[in-house]
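See structure below.
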Amino acid sequence: VELDLRIGATRRLSGLELEHDERFVGVPQERRVPLDTPSVHLYSFTPDSGELEVTALDLRHGGATWRQRLPLSRDEHYNAFTRLPAESEDTLALVFSSKGGTRFGRARSNLFLLDAASGRLRRQLLLDPRLGASNEIDLQGLGPALILAGDGQLEVLR
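Residue numbers (the working numbering): 19 to 176.
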């Protein structure tokens with residue numbers, strides 16, 4: 019559905035229906051979240067390979083602008099909840115956690131930097147474990163920098 023800000027009502031986005039396994043990046047189920055941009059991102063796992071797939075939706079035009087598979091499988095994925103992505107003019111930053119290397123290991127958080135227009139993966143970084151899991155890391159773009167605020171730790175990437 020789409021929220022029409024002029025009248026405060028919702029309507030169905032043309033040609034767009036969510037699959038049962040698609041989730042909004044950074045939005046817990048049955049919650050409302052204010053958005054800073056007119057786009058939202060969904061994630062799911064592909065039926066064939068189980069890879070993480072991210073879809074960008076443009077709320078102004080009511081459709082998907084791109085889909086991108088990321089190198090993280092359903093079996094590796096650790097935490098269903100992520101924080102909202104950070105988006106600049108040309109870059110989208112997302113964090114997803116993967117299972118630690120040991121049986122009781124702490125989750126590893128992966129930062130994915132994508133081209134905002136095409137979804138092409140530009141870079142993937144394994145984050146400092148002290149930042150925490152994906153549900154603990156807030157992302158904020160500030161000019162050419164990306165601020166990652168985690169569990170008692172702050173990191174700035176340029």
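Positions of the beta carbon are idealized from the N, C-alpha and C atoms, including for glycine.
Here the structure is a predicted model, which means the values were calculated and not measured.
Residue from L139, T73, S106 and R126 whose Cα sits closest to the Cα of I165: Stepping through the sequence shown from its first residue, residue 165 is reached at position 147. If we check each option's Cα against that of I165, S106 comes out closest.
Burial state of L145 (16 or more Cβ within 10 Å): Translated into positions along the sequence shown, residue 145 becomes position 127. L145 sits buried, since 16 or more C-beta atoms from the chains shown fall within 10 Å of its C-beta.
Per-residue burial, A125 [other beta carbons within 10 Å of its own, 16 or more giving buried]: Residue numbering aside, residue 125 sits at position 107 when the sequence shown is read from its first letter. By the neighbour-count rule (16 or more Cβ atoms within 10 Å), A125 is buried.
Cutoff 7 Å; reference R176; Cβ partners in own chain excluding five residues on either side: Here the question's residue 176 lines up with position 158 in the sequence shown. If we look at R176 and ignore the five residues flanking it on each side, its Cβ neighbours are P162 and A163.
Minimum C-alpha distance to S136 - residue among Q142, L75, D169 and S152: In the sequence shown, the residue the question calls residue 136 occupies position 118. Measuring from the Cα of S136, the nearest candidate turns out to be L75.
Beta-carbon proximity check, L110 vs A134, cutoff 8 Å: For this step, residue 110 is matched to residue 92 along the sequence shown. For this step, residue 134 is matched to residue 116 along the sequence shown. Yes, Cβ-Cβ distance for L110 and A134 is below 8 Å.
For N97, three-class secondary structure by DSSP: As a working mapping, residue 97 is identified with position 79 in the sequence shown. Coil, per DSSP.
Reference L143, options V113, K117, D156 and D169, closest by Cα: One-based indexing of the sequence shown puts residue 143 at position 125. For L143, the nearest C-alpha among the options comes from V113.
Nearest-angstrom Cα separation, counted from I155 out to G168: Start at 1 with the first residue of the sequence shown, and residue 168 comes out as number 150. Start at 1 with the first residue of the sequence shown, and residue 155 comes out as number 137. Put simply, the backbone Cα of G168 is about 4 Å away from that of I155.
Candidates E71, L149 and G81: closest to P56 by CA position: Counting from 1 along the sequence shown, the entry for residue 56 is found at position 38. Nearest option by C-alpha distance: G81.
C-beta atoms of T100 and V43 nearer than 8 Å: The residue you call residue 100 lines up with position 82 of the sequence shown. The residue you call residue 43 lines up with position 25 of the sequence shown. Closer than 8 Å, so yes.
8 Å Cβ cutoff met for E71 and Q86: Looking up residue 71 in the sequence shown gives position 53. Looking up residue 86 in the sequence shown gives position 68. Yes. Within cutoff.
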